[in-house]
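Below is one structure, written out as structure tokens; the observations come after it.
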Amino acid sequence: MTSYVLLLYCQSDFKAEIGSLGFIFFRKGYYYYIGSAKSGMHRIKRHFSSRKRKRWHIDYISTRMKIIGAIIFKEPECDLAKKFKNFEGIERFGCTDCKCRSHLFYSPTINLEFLST
140 MTSYVLLLYC QSDFKAEIGS LGFIFFRKGY YYYIGSAKSG MHRIKRHFSS
190 RKRKRWHIDY ISTRMKIIGA IIFKEPECDL AKKFKNFEGI ERFGCTDCKC
240 RSHLFYSPTI NLEFLST
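Numbering (the numbering used here), first residue to last: 140 to 256.
Set out below in structure tokens:
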């Protein structure tokens, strides 16, 4: 199973309606989105596109934040999300089909501690 962490930078605070989750306030800082790379690099490439239909939660914010890059992992996305236990999670974001608390995490400063766990 392959998954990835999409690193995003939010340059200023904003509020956005995220599908069925409703309105969510996003603060300036760094966000880490965990996704599944089931279809290889296609899904990751899609995140970098400014023209896309809003299909997943991440689509509602990826065009409003600066995408720094993506890191690929050879482990299931839910296992990867557990490595973010010390990060603030955006409740139910990106994980409506599993039991994780979140697949989007926030840090006011860049924080790569998840790489060492």
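C-beta atoms are modelled at their ideal positions from N, C-alpha and C, and glycine is treated no differently.
Residue nearest to residue i in terms of C-alpha spacing, selected from the options
i: tyrosine 210; options: Ser159, Lys154, Phe164, Phe253; result: One detail in the question is off: residue 210 reads as isoleucine in this sequence, not tyrosine. Residue Phe253 is the option with its Cα nearest to isoleucine 210.
i: serine 142; options: Phe244, Ile183, Thr256, Tyr148; result: Ile183
i: cysteine 234; options: Tyr245, Ile206, Ile249, Ile197; result: Ile197
i: glycine 208; options: Glu230, Met180, Lys222; result: Met180
i: serine 188; options: Lys205, Phe164, Lys222; result: Lys205
Close Cβ partners of residue i (< 7 Å) along its chain, the five nearest in sequence each way excluded
i: glutamate 214; result: Met140, Ser142
i: serine 246; result: Gly168, Tyr169, Phe226
Beta-bridge pairing of residue i - partner residues as DSSP gives them
i: phenylalanine 244; result: Tyr171, Gly228
i: leucine 147; result: Tyr170, Ile206
8 Å Cβ cutoff, residue i in contact with chain C
i: leucine 147; result: Any reference to chain C falls outside this structure, which holds one protein chain only.
Residues near residue i in its chain [Cβ-Cβ closer than 6 Å; skip 5 each side]
i: phenylalanine 162; result: Lys154, Glu156
i: arginine 166; result: Asp152
Return the chain-ordered ranges of every alpha helix (DSSP H) run that is complete within the region 167-232 and spans a minimum of 4 residues.
Listed in chain order, they are 181-186, 216-221.
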